[in-house]
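First up is the structure itself, then whatever we jot down about it.
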Amino acid sequence: MSTIDKWLRQNGGSFRHELEILAREHLGVSKAKFIRKSDHIINSSLVSHLSDAHSRLKKGTPLAYLLGYKEFWSLEFQVNRNVLVPRPETELIIEKSIELANHGDSVLELGTGSGAIAIALAKERPDLTITATDISIEALKIADKNAKKHKCEITLEHADWFSSIAGKWNLILSNPPYIAERDPHLNFLAEEPRVALVSGPTGFEALDILIENAHHHLKPYGHL
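The opening position of the sequence shown corresponds to residue 889 in our numbering, with each subsequent residue numbered one higher.
Put into structure tokens, the structure is as follows:
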């Protein structure tokens, strides 16, 4: 009979760390407890679960999709294939927003996906009035679940960039798609929603729309 540790050493390969995380989730134990249990016998249910996960990881499925969540700004966000997995570098948007926003400012986020940016900002600055939009209805469903989970009062709207957006804002935020449609890096991102990654032939299309139209929607001395 094989132990959990032995199975991971023999079968995990370059994904051993990810498979260990999935094993802990499957067993419902902490990292410390998992280490103590690593010499326990592995059962067929766990082998099947990890084998399937290993196959999906090799095909490029992000670990976050297998777990069903991703940590961002020390908060846990539900994710699935309808939303981009939040990246650590995106936290810079939160940092800059906190720096720029005055008390009581209005904020518009375009292309919210899982809602990670808007919700993280709302947790840090509950004084702000935040509206977040997305072209994907399925993404907005995930954002709504995350907003309710974190008890954040943000407004979610279905919109394609500035279309159907009324009013003016002190701060407009976006982490738009910026990859060209034939960029070879897309081969490593095949499991994530293409609409959140690709903006067109050059990769600058979404950025052009935001930059060219933001001034129509910003209040005096507002920021993009």
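The beta carbon of each residue, even a glycine, is placed where N, CA and C say it ideally should be.
Because the structure is a prediction, the values reported are computed rather than measured.
Identify the continuous beta strand (DSSP E) that holds residue i and give its terminal residues.
{"i": "W1057", "result": "1057–1062"}
{"i": "L1112", "result": "L1112 -> no beta strand (DSSP E), and no H or E assigned at all."}
{"i": "S1087", "result": "1086–1088"}
On the criterion of 16 or more Cβ atoms from any shown chain inside 10 Å, does residue i qualify as buried, or is it exposed?
{"i": "G956", "result": "exposed"}
{"i": "K958", "result": "buried"}
{"i": "P976", "result": "exposed"}
{"i": "F922", "result": "buried"}
{"i": "N931", "result": "exposed"}
{"i": "A945", "result": "Per the sequence shown, residue 945 should be read as Leu rather than Ala. With 16 or more Cβ atoms within 10 Å of its Cβ, L945 is classed as buried."}
{"i": "T1021", "result": "buried"}
{"i": "W1065", "result": "Checking the sequence, you will find Pro at residue 1065 rather than Trp. Buried: at least 16 other Cβ atoms inside 10 Å."}
{"i": "F1076", "result": "exposed"}
{"i": "A911", "result": "buried"}
{"i": "D1071", "result": "exposed"}
{"i": "E997", "result": "buried"}
{"i": "A1078", "result": "exposed"}
{"i": "N990", "result": "exposed"}
Let me check one thing: in DSSP terms, what residues is residue i bridge-paired to?
{"i": "H942", "result": "Bridge partners of H942: none, in fact."}
{"i": "S932", "result": "Answer is none; S932 lacks a bridge partner."}
{"i": "Y957", "result": "Q966"}
{"i": "L1028", "result": "The partner list for L1028 (beta bridge, DSSP) is empty, contrary to what the question assumes."}
{"i": "V995", "result": "I1018, L1059"}
{"i": "L1044", "result": "A1020"}
{"i": "A1068", "result": "G1088"}
Which whole-angstrom value is the C-beta distance of residue i and residue j, which I expect to be below 8 Å?
{"i": "I1005", "j": "I982", "result": "7 Å"}
{"i": "I1018", "j": "L1009", "result": "6 Å"}
{"i": "A1047", "j": "T1000", "result": "Not a contact, Cβ separation roughly 10 Å."}
{"i": "L988", "j": "L938", "result": "Not a contact, Cβ separation roughly 45 Å."}
{"i": "L1106", "j": "K1033", "result": "In fact, because the Cβ distance is near 30 Å, the residues do not count as touching under 8 Å."}
If you check the beta carbons only, do residue i and residue j fall under 7 Å apart?
{"i": "L1112", "j": "I1053", "result": "no"}
{"i": "L972", "j": "E1080", "result": "yes"}
{"i": "V935", "j": "A952", "result": "no"}
{"i": "F960", "j": "P950", "result": "no"}
{"i": "A1035", "j": "I1007", "result": "yes"}
{"i": "I986", "j": "E1012", "result": "yes"}
{"i": "D993", "j": "N1058", "result": "yes"}
Identify the continuous alpha helix (DSSP H) that holds residue i and give its terminal residues.
{"i": "I1018", "result": "First-last for I1018: 1017–1022, but that is the beta strand (DSSP E), not the alpha helix (DSSP H)."}
{"i": "E977", "result": "That residue, E977, is in no alpha helix (DSSP H); it is neither H nor E in DSSP."}
{"i": "W895", "result": "892–899"}
{"i": "F1050", "result": "No alpha helix (DSSP H) contains F1050, which DSSP labels as neither H nor E."}
{"i": "A989", "result": "No alpha helix (DSSP H) contains A989, which DSSP labels as neither H nor E."}
{"i": "L1098", "result": "1093–1101"}
{"i": "F1076", "result": "No alpha helix (DSSP H) contains F1076, which DSSP labels as neither H nor E."}
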